[in-house]
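Following: one structure in structure tokens, then a few remarks.
2 protein chains.
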Amino acid sequence: MTDQPTRSALQLLLAADAFRAGLSGEFSAIHGLSVNEFLMMLHLDRTEARRLSRVELARRMHVSASTITRMAAPMEKIGLLSREADPRDARLAFVVLTATGQEKLADALATFAKRAGYVFGTGWKEEEVAAFADMLGRVAPGAMPLEG
Amino acid sequence: MTDQPTRSALQLLLAADAFRAGLSGEFSAIHGLSVNEFLMMLHLDRTEARRLSRVELARRMHVSASTITRMAAPMEKIGLLSREADPRDARLAFVVLTATGQEKLADALATFAKRAGYVFGTGWKEEEVAAFADMLGRVAPGAMPLEG
DNA sequence: GCATAAAGATTGCAGATGCAAGTGATTCGG
DNA sequence: CCGAATCACTTGCATCTGCAATCTTTATGC
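Residue numbers (the numbering used here), protein chains in the order written: chain A, 17 to 164; chain B, 17 to 164.
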């Protein structure tokens, strides 16, 4: 009744929802961050200059540009992000990860790693986890430039 | 800097976001359904009696009970779901998938399968897709009783 | 049995998000 | 060059969602 690709795609959504749900509570309790705010900082951190234009950030996060505008505002207020203009193109307003933001991200990444370790730590062989990440990378090509 | 479990978990979120984003547009355009409405019907369909209490549905979908209440209301109005009481326990209000809902779900599943096939159809060996689904199942144990 | 605790569901309120419209800046065609 | 189209961003409005409070019903302790 259900073919294998369908099952895999379904499991992908369900597994991600489950993981995200657990993460969400912990993030807001420990760091006062939403998962999307965490991902936003992560995207910025994994760029050469720790900055991205709003539309590019929206594209990478699969959200609308207005969401970026509204997400960034309070994060700028508390110093996690800053806003910077492009000298060549006055339309652009870069979102920049500050040093404070980098620290916050590092803290959040530690929490994230703990949860990831809990999920993939028991019952998974090392090469299985690697193969799994590789397959996920094929599902969303170019989703994130996971540096070495 | 980033360990393998962390990478895998990160890729899981990113891949699911990407897949869900593509699916979301197609679902609302073709079927007038949100991804969550689709998943709600799917969860109901994969139960013995095509019904679930609101709290149980909330637990399986990782959303709050109030979200279930508010999601179900308009879907009942258009005949996709119906509401049923438990004769033993007057507190329970089951959400039931109607015949109309089953048809709608079948249509949506076809769209879903098309997208899943697009993602996993090219460059994936059959046993790879199966292994992938199996690993995802380990990430979210018991997330969905994917019937045979 | 009865008072209390607990569970299921709904509702008020606040926050998050998308779409469409609006503003200002840049690019393009003639 | 100049007007039109395009682009980046923001804002108004509607929708979705969660949390906390509330109501009703059931379970528990004495």
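The beta carbon of each residue, even a glycine, is placed where N, CA and C say it ideally should be.
Since we're looking at a predicted model, the values are computed, not measured.
Beta bridge counterpart(s) of residue i as assigned by DSSP
i	result
E53/B	For E53/B, which the question treats as bridged, DSSP gives no partner whatsoever.
V112/A	R67/A, S98/A
Length of the line joining the Cα atoms of residue i and residue j
i	j	result
M77/B	D105/A	44 Å
K120/B	E100/A	48 Å
L113/B	A124/A	40 Å
L30/A	W140/B	21 Å
E42/A	S69/A	29 Å
D184/A	D61/A	Outside the shown range of chain A (17 to 164) lies residue 184/A, about which nothing can therefore be said.
Q118/A	A37/A	24 Å
A89/A	I46/B	35 Å
S80/B	M91/A	26 Å
G137/A	L108/A	43 Å
F128/A	T116/B	42 Å
V51/B	A122/A	32 Å
M87/B	T18/B	39 Å
G158/A	F35/B	13 Å
A32/B	A32/A	6 Å
H59/A	L73/A	8 Å
G164/A	Q20/B	In this prediction, G164/A has a pLDDT of 38, which is less than 50 and means its spatial position is unreliable; nothing more can be read from the coordinates.
E144/A	E144/B	12 Å
L28/A	M57/A	24 Å
A126/B	S44/B	14 Å
A147/A	A146/B	13 Å
T83/A	T63/B	37 Å
R131/A	R131/B	30 Å
E142/B	R67/A	40 Å
Given residue i as reference, the closest of the options once Cα atoms are compared
i	options	result
A156/B	V135/A, R67/A, S44/A, W140/A	V135/A
A65/B	S50/B, V71/B, N52/B, V111/B	V111/B
V71/B	D61/B, T85/B, R62/B	T85/B
G133/B	L97/B, S98/B, L39/B	L39/B
R75/A	I94/A, K93/A, L55/A	L55/A
E53/B	L28/B, E143/B, L97/B	L97/B
G48/A	I94/A, A147/A, F148/A, T63/A	I94/A
Residue interval of the alpha helix (DSSP H) (run including residue i)
i	result
P21/A	20–46
K141/A	Where K141/A is concerned, there is no enclosing alpha helix (DSSP H), given that its DSSP letter is neither H nor E.
A88/B	81–93
The stretch 143–156 of chain A in contact with the stretch 22–32 of chain B per 3-pair CB rule at 8 Å: yes
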